[in-house]
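Letter 72 of the sequence shown, counting from 1, is numbered 72 in UniProt numbering, and no numbers are missing.
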Amino acid sequence: MSEKATEIANLLGPTVESLGLELLGVEYLPAPGGATLRLYIDVPLAEQPDRIINVDDCERVSREVSAQLDVEDPISGNYTLEVSSPGVDRPLFTLDQFARHVGESAKIVLKLAQDGRRRFQGQIVRIDTEAAAVVFSVDGKDVQIGFDNIDKARILPDWVALGLAPQKPNKPGPKKPGHDKKKPSNEPAAGKPRAE
């Protein structure tokens with residue numbers, strides 16, 4: 001997260017927790033016409049998977065946070081507040097969140113290039129807490145990336161495991177009656193001479 005996003009997360013985290021939810025992270029996206037402030041919330045880990053975030057949770061957080069932002073005023077100028085569940089391609093904001101998803105695949109964007117690359121995609125292997133780094137398996141090799149160098153990270157959903165992968169047919173489907181393709185004939189159309 002950016003410094004501004006971290007500042008806002010520290011400010012709003014207790015408010016979200018008071019509603020029985022967890023603030024996963026904040027995205028602050030400044031723009032000339034007005035910034036976007038996006039909050040990702042989830043139910044506490046102890047309540048998963050029995051409970052999931054719903055629209056009512058997002059509305060409650062939005063109301064409470066809006067009131068707090070009006071009083072604290074950490075953002076100058078106009079902004080749009082968005083409150084969202086993390087979704088299946090959840091963003092990762094902390095080392096603890098990476099640790100929760102060891103064994104899953106993620107795609108990350110780095111602040112500074114490592115090994116000539118800024119974008120990586122691979123499986124989260126482990127967290128090196130001493131080095132404050134995440135170890136990924138990328139193209140069959142372990143790559144250690146310092147957490148401070150991670151700009152953005154998202155889980156790559158396993159669509160097959162979720163049962164949402166598109167099915168590719170192995171063979172053509174059944175033919176519908178009456179839809180047989182007519183074989184071309186060399187006979188001219190009725191009433192029209194053949195051009196030769």
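We put the CB at the ideal spot given by N, CA and C, even for glycine.
Assignment of I8 by DSSP, reduced to helix, strand and coil, places it in the helix class.
I155 is not a Cβ neighbour of S85, given a cutoff of 8 angstroms.
The beta carbons of D73 and L110 sit no closer together than 8 angstroms.
Under DSSP, V135 shares a beta bridge with R126, Q144. Under the three-state reduction of DSSP output, D89 falls in the coil class, being neither helix nor strand.
Residue environment: P91 is assigned as buried (16 or more neighbouring CB atoms within 10 Å of its CB, all protein chains considered). Relative to A133, the option among F147, I124, I75 whose CA is nearest is F147. Comparing C-alpha distances from G33 to each of A113, R119, T80, Q144 shows the shortest one belongs to T80. Within the same chain, V43 come within 7 angstroms of I52 by CB-CB distance, once the 5 residues on both sides are set aside.
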